[in-house]
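Protein chains in written order, with this note's numbering: chain A, -4 to 451; chain B, -4 to 451.
Structure record follows, encoded as structure tokens.
Written as structure tokens, this is what we have:
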């Protein structure tokens, strides 16, 4: 396979001391390391859960008989994608309420459905369905926040995906936490229960928003997160109504309000960030707050277009998220990258803005930074965790191939993902699920949701 | 399969006088006829190239032994999609030049590449690649305009797709027409050559734009089109620069300029239509001009967001197009529908705008109106041409199913299309191409484009 881009010729690595368990070879490797071009054809060797070698595939290589060889000819080998904002169990409500005014959507549809139908069993199976969809479309790590998060932990553990999973915190009666006074107590219990449970899963807290959490709750959640050295997630300035509400309540714009609370720092992960002043953006950048761009949800709910190119120009590492399936309505990060690029261009009137490489970074290395695990994932580098996907280039929509970055962002979808490896474990092989039974999960979710009495 | 929507119970049709050649049964039928809900489970019978019967599948039915039975259980049966604006052979340049300023993209990349590399052979194979991609993603009819269109006709004829194929007309030296003085002569020859060649293909003219065609050329093209009772395609007000240029040249905005030329009528198909005043929109609506919305291209080139909801509210039937693969970069109308809905919502701040059913109409029945063949295609109705697709609902991203319209627009992609029938002929069966050899076409295009010396 040929690409018209210049090829980075990487020297063969030093002698390999460990034998590979998995060898992926023959494809175009996109490492997503800054400044590195594609390696074509490449060979990536994995031992246990780590990448131990990256080679130009220009000479014979002897494998141990036990090694699993993944032939990636005609494919791209790249880091697994990272979904930095998601409410996984909302797969349960996919397509149940669309094309509605925002308040009606939330107050008359989503909140009542959550209140009526969320319970440990539905959250567990909805999470499994989300994991299935993420694996199928090349996501290897994600950041989640929702209710009954214990059950999401169990589902994600079963799937083999890597995730930061956060218990939802809100100052209203919530699914599983009828008394808001208990939200931080329950949140702390959640973290204590799951910290150290698995190398792949870290627990945390997700404050719903500055308008639905009190100052006390926000401060408390930030303190707990700091105590455990964990990120704290929040929805920030998603809609202009929400901004107006906070100005009315506090006399300040949301970012200044959070600053006054003392919680604007590198541990904070703020999703949406649509309605910000330049001053707010600069303050977020200065404090190292992590931003997650959620373009499809922001478009579908007509929230607006976040000023992502400005944030990036200030040196911020912005992640990319799908949001939940009630407002997207899928978990496909390939489509999300495409939309992020196109929304960035049309909203700024600048076609050079949000180029393919940039949105790929958002969904890989910068996503790693948002999750606080950039030293371990987000690029294909020797010593990093083996979170790798193989994207099949044999569909007519991926021919010809001039620039792999463009092909991945503007032409590929999640359906082109062929193989998925997380932490050295194969979760998808030749499009077949290795850890989950798709028929069981889809059948179960269909059965559970058939009782959801919808007035749609 | 259950859907939560009310089910339309259609009476069994009158006794069937003709025997079906093809029976598609067991799926949820979306007819796209105004006011009709889904029929589930449905049976659609095809004789030769027409739909002869539509039934609720509630009783036994005896088929002639010769009939081909397509089991659509777990699928949606719906009209084939209609791509109302496309430059098919530009698949050749897919991904060759992205993330560039508009003038640089056009003047330094696209025009030179076209000039250097377009010839009958490359156009033929590029068109075949486009047909392959359209068939794979559920498009059954399309409207095309480009150069060396004779070769696109040959390719489309081989594919079995239905299309209106137009020879490009521009007042510059163009691929295949070095002397612009000959553009209308060549265009007339093209129409005369292909009129009556095939029931599936109609020839026509495509004027590049009001800024690149002289008043004389525009008038001439309109006259020729009228003489042959054919639609005339044009790019209209895609960018604000183009609008400024026409105002400077003619003292009028583009729509008023075209009106003065006397060519604003039901035969005109105007693609893009991004930068229009309310007055221009009203004039277009009054004259019955057909508009084609091209949202992904308009976003990627940062041209802007067309005011489609306003046009629809004035009773216009707006089609949906992908544009060429140099500015999209795919021909997947499922993704285009999703983007059309989301761009419509975010650009107007109205989440109720451009609902799923509306964008499905744009890609089906209204597309039929744009192509001038709405009496024959665009809906599943007894007596209409058998242009039918089957969309597989078994991917995890399509579970659960509350509302088939939402699932198709917001969750499905072209990769979910399983079967495609055009004019009663099966072009795709269980995702296998029946008329084209994908390996041959992709190999040929890879070989041809490998010689495209790109300075990318």
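All C-beta atoms in this analysis are idealised placements derived from N, C-alpha and C, irrespective of residue type, glycine included.
Residue i versus residue j - alpha carbon distance
| i | j | result |
| --- | --- | --- |
| residue 270 of chain B | residue 95 of chain B | 21 Å |
| residue 107 of chain B | residue 87 of chain B | 13 Å |
| residue 120 of chain A | residue 431 of chain B | 41 Å |
| residue 6 of chain B | residue 415 of chain B | Reliability of the predicted coordinates at residue 6 of chain B is poor, the pLDDT of 43 falling under 50, and the value obtained from them is presented with this limitation in mind. Their Cα atoms are separated by approximately 26 Å. |
| residue 307 of chain A | residue 363 of chain A | 16 Å |
| residue 442 of chain A | residue 436 of chain A | 10 Å |
| residue 70 of chain B | residue 278 of chain A | 50 Å |
| residue 370 of chain A | residue 93 of chain A | 39 Å |
| residue 234 of chain A | residue 309 of chain B | 29 Å |
| residue 44 of chain B | residue 423 of chain B | 16 Å |
| residue 197 of chain B | residue 115 of chain B | 19 Å |
| residue -2 of chain B | residue 347 of chain B | Confidence at residue -2 of chain B is low in this model, with a pLDDT of 42, below 50, so its placement is unreliable and the value that follows should be read with caution. Those two C-alpha atoms are separated by around 22 Å. |
| residue 1 of chain B | residue 398 of chain B | With a pLDDT of 43 at residue 1 of chain B, under the threshold of 50, the modelled position of that residue is not reliable, and the figure given next carries that caveat. Roughly 10 Å separates the two Cα atoms. |
| residue 312 of chain A | residue 265 of chain A | 12 Å |
| residue 85 of chain A | residue 293 of chain A | 16 Å |
| residue 209 of chain A | residue 244 of chain A | 11 Å |
| residue 67 of chain A | residue 191 of chain A | 35 Å |
| residue 74 of chain A | residue 327 of chain A | 15 Å |
| residue 450 of chain A | residue 103 of chain A | Legend: pLDDT at residue 450 of chain A = 42, less than 50; position of this residue unreliable, value from coordinates given subsequently. Using only the alpha carbons, I get a separation of about 10 Å. |
| residue 207 of chain B | residue 100 of chain B | 17 Å |
| residue 8 of chain B | residue 189 of chain B | In this prediction, residue 8 of chain B has a pLDDT of 47, which is less than 50 and means its spatial position is unreliable; what the coordinates show is noted afterwards. For residue 8 of chain B and residue 189 of chain B, the distance between alpha carbons rounds to 38 Å. |
| residue 76 of chain B | residue 305 of chain A | 38 Å |
| residue 413 of chain A | residue 384 of chain A | 8 Å |
| residue 355 of chain A | residue 365 of chain A | 14 Å |
Candidates the options, of which the one nearest residue i by Cα
| i | options | result |
| --- | --- | --- |
| residue 133 of chain B | B:330, B:110, B:305 | B:330 |
| residue 303 of chain A | A:217, A:138, A:290 | A:290 |
| residue 72 of chain B | B:192, B:80, B:49, B:59 | B:49 |
| residue 213 of chain A | A:257, A:353, A:222, A:189 | A:257 |
| residue 300 of chain B | A:312, A:262, A:339, A:268 | A:339 |
| residue 78 of chain A | A:425, A:444, A:413, A:409 | A:409 |
| residue 238 of chain B | B:379, B:205, B:446, B:182 | B:205 |
| residue 170 of chain A | A:189, A:146, A:155, A:156 | A:146 |
| residue 285 of chain B | B:255, B:317, B:357, B:325 | B:357 |
| residue 142 of chain B | B:333, B:81, B:91 | B:81 |
| residue 434 of chain B | A:389, A:401, A:68 | A:389 |
| residue 220 of chain B | B:421, B:180, B:439 | B:180 |
| residue 61 of chain A | A:172, A:16, A:55, A:34 | A:16 |
| residue 34 of chain A | A:376, A:176, A:394 | A:376 |
| residue 283 of chain B | B:361, B:419, B:247 | B:361 |
| residue 401 of chain A | A:175, A:182, A:352, A:321 | A:352 |
| residue 323 of chain A | A:295, A:228, A:231 | A:295 |
| residue 29 of chain B | B:59, B:374, B:124 | B:374 |
| residue 421 of chain B | B:42, B:26, B:287, B:31 | B:42 |
| residue 452 of chain A | A:444, A:298, A:276, A:195 | Residue 452 of chain A is absent from the structure shown; chain A starts at -4 and stops at 451. |
Pair within 8 Å by beta-carbon distance, residue i and residue j
| i | j | result |
| --- | --- | --- |
| residue 118 of chain B | residue 64 of chain B | no |
| residue 315 of chain A | residue 335 of chain A | yes |
| residue 159 of chain A | residue 199 of chain A | yes |
| residue 164 of chain A | residue 126 of chain A | no |
| residue 427 of chain A | residue 226 of chain A | no |
| residue 113 of chain B | residue 130 of chain B | no |
| residue 162 of chain A | residue 185 of chain A | yes |
| residue 392 of chain A | residue 333 of chain B | no |
| residue 319 of chain A | residue 406 of chain B | no |
| residue 140 of chain A | residue 223 of chain A | no |
| residue 20 of chain A | residue 52 of chain A | yes |
| residue 395 of chain B | residue 440 of chain A | yes |
| residue 297 of chain A | residue 345 of chain B | yes |
| residue 230 of chain B | residue 288 of chain B | no |
Presumed contact (8 Å Cβ cut-off) between residue i and residue j, rounded CB distance
| i | j | result |
| --- | --- | --- |
| residue 37 of chain B | residue 47 of chain B | Actually they are not in contact, since the Cβ atoms of residue 37 of chain B and residue 47 of chain B sit about 14 Å apart, beyond 8 Å. |
| residue 83 of chain A | residue 110 of chain A | The pair is not a contact, with the Cβ atoms about 18 Å apart (cut-off 8 Å). |
| residue 380 of chain A | residue 372 of chain A | 5 Å |
Open item on the list: Along the region 384 to 404 of chain A, where does the CB come closer than 8 Å to a CB of chain B? Name the residues.
Closed with: Contact residues of the region 384 to 404 of chain A toward chain B are 389, 390, 391, 392, 394, 395, 396, 397, 398, 401, 402 (C-beta to C-beta distance below 8 Å).
Open item on the list: Beta carbons nearer than 9 Å to chain B: which residues of the region 314 to 325 of chain A have them?
Closed with: Closer than 9 Å at the C-beta level to chain B, one finds these residues of the region 314 to 325 of chain A: 320, 323, 324, 325.
Task: Residues, ordered as in the chain, of the region 73 to 97 of chain A that lie near chain B by beta-carbon distance below 9 Å - done: 86, 87, 88, 89, 90, 91, 92, 93, 94, 95, 96, 97
Task: Cβ-based contacts, 7 Å cut-off: residues of the region 119 to 134 of chain B near chain A - done: 124, 127, 128, 131
Task: Residues of the region 225 to 241 of chain B whose Cβ lies closer than 8 Å to any Cβ of chain A, in chain order - done: none
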